[in-house]
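Written below as structure tokens is the structure these notes are about.
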Amino acid sequence: MIVHIVMFKLKEDDKNANLVKIRAVLEQLPKKIEELVSMEVGLNFDESDRAFDLSLYSTFKTKEDLAIYASHKEHLKVVDFIKTVVTESKVVDYRL
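Take 12 as the starting number for the sequence shown in the working numbering and just add one per residue.
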């Protein structure tokens, strides 16, 4: 099993609305991308400077499935939107 975690910091402009929108579009991806085994999207409640605003936790059967997800047209649509509202992101991928 492959775990893919991404954390995002959003721009302050329309931050709350964009958090809701990102969560909504991400949560639709498991219905559209069969390689995506599971996904959890969390909104952070910690307001410290070091905190990120949103996290994505997703799982895949193989590294190849993660690669398919990463280049899938539905995922890329979401990425295009996220790039317009995010100031920073961090990612980690590992095997369970």
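In this text, a Cβ means the ideal position worked out from N, Cα and C, and glycines have one as well.
Strictly by DSSP, which residues pair up with residue i?
{"i": "Val103", "result": "Ile16"}
{"i": "Ser49", "result": "Thr70"}
{"i": "Leu65", "result": "Phe19, Leu54"}
Looking only at C-alpha atoms, which of the options sits nearest to residue i?
{"i": "Asp24", "options": "Asp60, Thr98, Leu77, Lys84", "result": "Thr98"}
{"i": "Glu85", "options": "Leu21, Gln39, Tyr105, Glu58", "result": "Gln39"}
{"i": "Leu54", "options": "Pro41, Leu37, Ile44, Leu47", "result": "Leu37"}
{"i": "Ala35", "options": "Asp104, Phe92, Val14, Arg106", "result": "Phe92"}
{"i": "Leu67", "options": "Leu107, Lys26, Val103, Asp57", "result": "Val103"}
{"i": "Phe56", "options": "Ala81, Pro41, Asn27, Phe71", "result": "Asn27"}
Drop a sphere of 10 angstroms on the beta-carbon of residue i, count the other beta-carbons inside from all chains shown, and report buried for 16 or more, exposed for fewer.
{"i": "Val17", "result": "buried"}
{"i": "Leu77", "result": "buried"}
{"i": "Asn29", "result": "buried"}
{"i": "Ser49", "result": "exposed"}
What residue range is occupied by the uninterrupted alpha helix (DSSP H) comprising residue i?
{"i": "Phe56", "result": "Counting along the chain, Phe56 falls outside any alpha helix (DSSP H), and DSSP gives it neither H nor E."}
{"i": "Phe92", "result": "84 to 96"}
{"i": "Ile33", "result": "26 to 43"}
Is the beta carbon of residue i less than 7 Å from the beta carbon of residue j?
{"i": "Asp64", "j": "Lys20", "result": "yes"}
{"i": "Ile79", "j": "Glu51", "result": "no"}
{"i": "Ile13", "j": "Lys74", "result": "yes"}
{"i": "Ile44", "j": "His15", "result": "no"}
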